[in-house]
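Have a look at the structure below before the remarks.
Residue numbers (my numbering), protein chains in the order written: chain S, 154 to 485; chain E, 74 to 206.
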């Protein structure tokens, strides 16, 4: 996935498949293989526990036992606890209980195996609103979880973001001082590449993108460029609005957000996307986060300390700005 | 007058003879209810009229039930839609843009949220990238 990118001197790139995507690492050349093995094992463990597409995963087994108390592993308990905090912090705009809804709009299998054109949904099916996370009973000390009857968990991107954060923490514990972990676009960095004052990272726009210098923290992008399909001729995507139970139609193409942790960046990007250009920008600003909201017409709204850089057209290789400036919209 | 009294006395039996002749006391038998008259058979014309009336009432009741069901269904759909709308409106009107500072998930609202950007002096080749997930 990252094969087209430059590898900084003194670092080595390690890649492997996990969580339905490609995980790419940049690590010190001399210990990259060791670090790669650590992170690969971590991602395998997380996927085994948290994938909704694996019937034998702990998450799938929990979902089949909704309505009864279940003792879960420390990992699942931690991810659920963080998800519920994210839901509370966003007043439910991030909702980990939209499993039935995402299946109803056609996202019922791993995206790679999902048909691009699906049969129409049940005409009489009434969309289910979100908010069931408020009825989850979680005793973190006992690791006892009771889901409301009929409700299933789908953590979505937050689990991937948390895995990236956990991988960075594990690498730091193992003595790495400089690392980049990128799981399908959800990425985090610690330390700096040799002789560089930031990690140059490409960020997608509607037509082209930017190369932003991230010194520390994490980046994530939510949008409709990739995970979308048709259901009975109707365009669907994976970013559901819990207020309607339907795919969010906010006029945005994508939102990229920067935060201290990858899980935070993931949730911030998703919530800003659901809220739309004006409220989404306000949301990032209210939380002191930087980001860029890209509208469907290609215009962009930079927020906070997000670098105001010229747009690099899609035809240009990453990192070579051609001077074109995408229409920039101010929310003030 | 005396003659008349004698005749009356002869006609009335003595009190003792009355006591002897009285039949022994038997339990009183309930009075038999009068036999009900045989039900009148309904004339054919009247029966047909009654059938027509019942049919008409059945039709009206069916239509009424159907209308009630349609009404309830419509009300339910409207309710669900308005609940979604009011939920959306209430979240918007209460200034809810997903900003709940008490959640603690994003940390302090001031500052740059734990991330920072370098100076980015001059274009440099990207070493990795965030992509739409």
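Glycine residues also receive a C-beta, built at the ideal position from the N, C-alpha and C atoms.
It should be emphasised that the depicted structure is a prediction, and the values quoted were computed from it without experimental measurement.
Would you call the CB atoms of residue 433 of chain S and residue 393 of chain S closer than 8 angstroms?
Indexing the first chain from 1 puts residue 433 of chain S at position 280. Indexing the first chain from 1 puts residue 393 of chain S at position 240. Contact annotation: residue 433 of chain S and residue 393 of chain S have beta-carbon atoms that are not nearer than 8 angstroms.
Below 9 angstroms on C-beta distance, what does residue 139 of chain E contact in chain A?
Included in the structure are the protein chains S and E, with no chain A among them.
On the CB-based measure, 16 or more other CB atoms within 10 Å of its CB, does residue 128 of chain E come out buried or exposed?
As a first step, residue 128 of chain E must be located in the second chain, where it is residue number 55. With fewer than 16 other CB atoms across the displayed protein chains lying within 10 angstroms of its CB, residue 128 of chain E is exposed.
If you measure from the beta carbon of residue 407 of chain S to each beta carbon in chain E, is any gap under 8 angstroms?
Numbered from 1 along the first chain, position 254 holds the residue referred to as residue 407 of chain S. For residue 407 of chain S, the answer is yes, since a Cβ of chain E falls inside 8 angstroms of its Cβ.
Beta carbon of residue 157 of chain S nearer than 8 angstroms to that of residue 206 of chain E
By 1-based counting over the first chain, the position of residue 157 of chain S is 4. By 1-based counting over the second chain, the position of residue 206 of chain E is 133. The Cβ atoms of residue 157 of chain S and residue 206 of chain E do not sit closer than 8 angstroms to each other.
Are the C-beta atoms of residue 118 of chain E and some chain S residue less than 8 angstroms apart?
The residue you call residue 118 of chain E lines up with position 45 of the second chain. No, because no Cβ of chain S sits closer than 8 angstroms to the Cβ of residue 118 of chain E.
Does the separation of the CB atoms of residue 369 of chain S and residue 334 of chain S fall below 8 angstroms?
For this step, residue 369 of chain S is matched to residue 216 along the first chain. For this step, residue 334 of chain S is matched to residue 181 along the first chain. Their beta carbons are not under 8 angstroms apart, which means residue 369 of chain S does not touch residue 334 of chain S by this criterion.
If you draw a straight line from the C-alpha of residue 179 of chain E to the C-alpha of residue 315 of chain S, how long is it?
Residue mapping note: residue 179 of chain E aligns to position 106 of the second chain, counting from 1. Residue mapping note: residue 315 of chain S aligns to position 162 of the first chain, counting from 1. The straight-line gap from Cα to Cα measures roughly 13 angstroms.
Does residue 125 of chain E pass the burial test, meaning 16 or more other C-beta atoms within 10 Å, or should it be called exposed?
Stepping through the second chain from its first residue, residue 125 of chain E is reached at position 52. By the neighbour-count rule (16 or more Cβ atoms within 10 Å), residue 125 of chain E is not buried but exposed.
In chain E, which residues lie with their C-beta within 7 angstroms of the C-beta of residue 233 of chain S?
Start at 1 with the first residue of the first chain, and residue 233 of chain S comes out as number 80. Listed along the chain, the chain E residues whose CB falls inside 7 angstroms of the CB of residue 233 of chain S amount to none; the nearest CB is some 13 angstroms away.
Distance, residue 182 of chain S Cα to residue 167 of chain S Cα:
Position 14 of the first chain holds residue 167 of chain S. Position 29 of the first chain holds residue 182 of chain S. Distance between the alpha carbons of residue 167 of chain S and residue 182 of chain S: 10 angstroms.
How about the region 266–275 of chain S and the region 220–228 of chain S: do they share at least three Cβ pairs that are nearer than 8 angstroms?
Of all C-beta pairs linking the region 266–275 of chain S to the region 220–228 of chain S, fewer than three are shorter than 8 angstroms, placing the two stretches out of contact.
Identify the residues that DSSP records as bridge partners of residue 169 of chain S: which are they?
Position 16 of the first chain, counted from the start, is the residue given in the question as residue 169 of chain S. According to DSSP, residue 169 of chain S bridges with S:176.
Taking DSSP as the reference, what is the three-state secondary structure of residue 217 of chain S?
If you number the first chain from 1, residue 217 of chain S lands on position 64. Judged by DSSP in its simplified three-state form, residue 217 of chain S adopts helix.
Residue 461 of chain S burial status per 10 Å Cβ neighbour count (16 or more: buried)
As a working mapping, residue 461 of chain S is identified with position 308 in the first chain. When all chains shown are included, residue 461 of chain S counts as exposed.
Whose Cβ in chain S lies nearer than 7 angstroms to the Cβ of residue 147 of chain E?
In the second chain, residue 147 of chain E corresponds to position 74, counting from 1. Ordered by position in chain S, no residue passes the 7 angstroms Cβ test against residue 147 of chain E, which lies about 13 angstroms from the chain.
Any Cβ of chain S within less than 8 angstroms of the Cβ of residue 133 of chain E?
The residue given as residue 133 of chain E occupies position 60 in the second chain. For residue 133 of chain E, the answer is no, since every Cβ of chain S falls outside 8 angstroms of its Cβ.
With 8 angstroms as the threshold, decide whether the Cβ of residue 417 of chain S is near any Cβ in chain E.
The count along the first chain starts at 1 and reaches residue 417 of chain S at position 264. Yes, contact with chain E.
Tell me, please, which residues DSSP counts as bridged to residue 352 of chain S.
Reading the first chain from its first residue, position 199 is the one you call residue 352 of chain S. Answer by DSSP bridge pairing, in chain order: S:367.
So, is residue 239 of chain S buried or exposed, given that buried needs 16 or more other C-beta atoms within 10 angstroms?
Indexing the first chain from 1 puts residue 239 of chain S at position 86. Buried, since its Cβ has 16 or more Cβ neighbours within 10 Å.
Thinking C-beta only, is residue 465 of chain S closer than 8 angstroms to residue 364 of chain S?
Residue numbering aside, residue 364 of chain S sits at position 211 when the first chain is read from its first letter. Residue numbering aside, residue 465 of chain S sits at position 312 when the first chain is read from its first letter. Against a cut-off of 8 angstroms, the Cβ pair of residue 465 of chain S and residue 364 of chain S comes out as a contact.
Under 8 angstroms between beta-carbons, which chain S residues line up against residue 144 of chain E? List them in chain order, please.
Translated into the one-based positions of the second chain, residue 144 of chain E becomes position 71. Within 8 angstroms Cβ-Cβ: nothing; residue 144 of chain E doesn't reach chain S, min ~17 angstroms.
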